[in-house]
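K.L.:
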Amino acid sequence: MTGKVELLLPAVARSAAVTETPLGRLTVPSRAVPERRVMVDPQELVDLRNAARSAADRAHAPYSKFTVGAALIMADDPERRVFTGANVENATYGATICAERTVIAQAAAAGFRRIAILAVSCTKALHARLADRSPCGICRQTIAEFSTDVPPSLVLIDSGDDDVLGDVLDLDRLLPYAFRIAP
Ligand SMILES: [Zn+2]
């Protein structure tokens, strides 16, 4: 039995830059993400990562062979049940859906709207660099649709190591400038 620990998400800061051209000014916007601290339960993270690994065994990936599993707990689910999903490929390729979106669709269809923790395991790319086992752009935007700032929705990316629970990011670090409709 392990207790909760405080997870630190460090601040990110980048200054703006302006380049003058004969036809006008080009701007690179600044970016400031505040430090965040969130309480997490290591046992829950391990369970979720393991559930994601197991879910990858149920992937339908006959074309890429790149099996991916995802496991999800929703913040607005008082039972904190674990949803699981896997990538489901299609012969048209374009109709393929990633593991992250299959699991988010299940949780959303069950009536929940706010991600607490989403674990993803690319079981054919464990131990690879982070970019090889991270959510794709479409999934990041889908995660954004169901994310919250306080407490921040977390994404746990399986690194395949037994002594590392995984790489953890919130949406500000996973998808800066996520598209949102102004309320
Ligand atoms: Zn994806």
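Counting the sequence shown from 1 gives a position; my numbering is that position plus 223. The C-beta atom is built at its ideal place from N, Cα and C for all residues, glycine as well. These numbers were taken from a predicted model, which means no experiment stands behind them.
#1: Are the CB atoms of D390 and S382 within a distance shorter than 7 Å?
#2: Under the criterion of a Cβ to heavy atom distance below 6 Å, does A345 qualify as lining ligand 1?
#3: Could you tell me which of V378, P265, E312 and T371 sits nearest to A342, measuring between CA atoms?
#4: Within the segment 314-369, note down every full alpha helix (DSSP H) run reaching 4 residues or more, in order along the chain.
#5: What residues are listed by DSSP as bridge partners for D390?
#6: Since I believe A309 is in contact with A322 (beta carbons under 8 Å), could you give me their beta-carbon distance rounded to a whole number of angstroms?
#7: Do V251 and A234 have their C-beta atoms within less than 7 Å of each other?
#8: Using alpha carbons as the reference points, say which of L392, V228, A314 and A354 lies closest to A456.
#9: Measuring CB to CB, does A275 end up less than 7 Å from S344?
#10: Given the structure, does I361 come close to ligand 1, in the sense that its CB is under 6 Å from one of the ligand's heavy atoms?
#11: May I ask you to report which of helix, strand or coil DSSP gives A293?
#12: At the 7 Å Cβ level, is L231 part of the contact set with chain D, yes or no?
#13: What are the uninterrupted segments assigned as alpha helix (DSSP H) that are 4 or more residues long and contained completely in the segment 245-315, given in chain order?
#14: Please report the straight-line C-alpha distance between V261 and D384, rounded to a whole angstrom.
#15: So, helix, strand or coil for L232, using DSSP?
#16: Quick check on R403: does DSSP put it in helix, strand or coil?
#17: So, under 8 Å CB-CB, R254 and P399 are touching, yes? Tell me the CB distance rounded to an integer number of Å.
#18: Using only CA atoms, which one of I296, L249 and D280 lies nearest to D270?
P.N.:
On the basis of the supplied data:
#1: Numbered from its first residue, the sequence shown carries residue 382 at position 159. Numbered from its first residue, the sequence shown carries residue 390 at position 167. If you check the CB distance, S382 and D390 come in under 7 Å.
#2: The count along the sequence shown starts at 1 and reaches residue 345 at position 122. Strictly speaking, residue 345 in this sequence is Cys, with Ala absent from that position. False, no ligand heavy atom lies under 6 Å from that Cβ.
#3: Here residue 342 corresponds to residue number 119 of the sequence shown, with the count starting at 1. Residue V378 is the option with its Cα nearest to A342.
#4: Listed in chain order, the complete alpha helix (DSSP H) runs (minimum 4 residues) inside the segment 314-369 are 322-332 and 360-368.
#5: Taking the sequence shown and counting its residues from 1, one reaches residue 390 at position 167. Here D390 is bridged, per DSSP, to I380.
#6: Here residue 322 is taken as the residue at index 99 of the sequence shown, counted from 1. Here residue 309 is taken as the residue at index 86 of the sequence shown, counted from 1. Going by Cβ atoms, the distance from A322 to A309 rounds to 5 Å, so yes, they are a contact pair.
#7: Walking along the sequence shown from the start, residue 251 turns up at place 28. Walking along the sequence shown from the start, residue 234 turns up at place 11. With respect to the 7 Å criterion, V251 and A234 are not classified as neighbours on the basis of their beta carbons.
#8: The question about residue 456 has no answer, for the chain in this structure spans 224 to 406.
#9: In the sequence shown, counting from the first residue as 1, residue 275 sits at position 52. In the sequence shown, counting from the first residue as 1, residue 344 sits at position 121. Cβ distance < 7 Å, so A275 and S344 count as in contact.
#10: Taking the sequence shown and counting its residues from 1, one reaches residue 361 at position 138. Set against 6 Å, the gap from the CB of I361 to the closest heavy atom of ligand 1 is smaller.
#11: Taking the first residue of the sequence shown as position 1, residue 293 is located at position 70. Here A293 carries a strand assignment [DSSP, helix/strand/coil].
#12: Annotation note: the requested chain D is absent from the structure, which comprises a single protein chain.
#13: List check, alpha helix (DSSP H) in window: 265-279.
#14: As a first step, residue 261 must be located in the sequence shown, where it is residue number 38. As a first step, residue 384 must be located in the sequence shown, where it is residue number 161. Answer to the nearest angstrom: the Cα atoms are 23 Å apart.
#15: Position 9 of the sequence shown, counting from 1, holds the residue named residue 232. In the structure shown, L232 sits in a strand (DSSP, three-state: E or B).
#16: The residue labelled residue 403 in the question sits at position 180 within the sequence shown. Residue state, collapsed to three classes: coil.
#17: Locating residue 254 in the sequence shown gives position 31, where the first residue counts as 1. Locating residue 399 in the sequence shown gives position 176, where the first residue counts as 1. Contact between R254 and P399 holds, since their C-beta atoms are separated by about 6 Å, short of 8 Å.
#18: In the sequence shown, the residue the question calls residue 270 occupies position 47. Measuring from the Cα of D270, the nearest candidate turns out to be I296.
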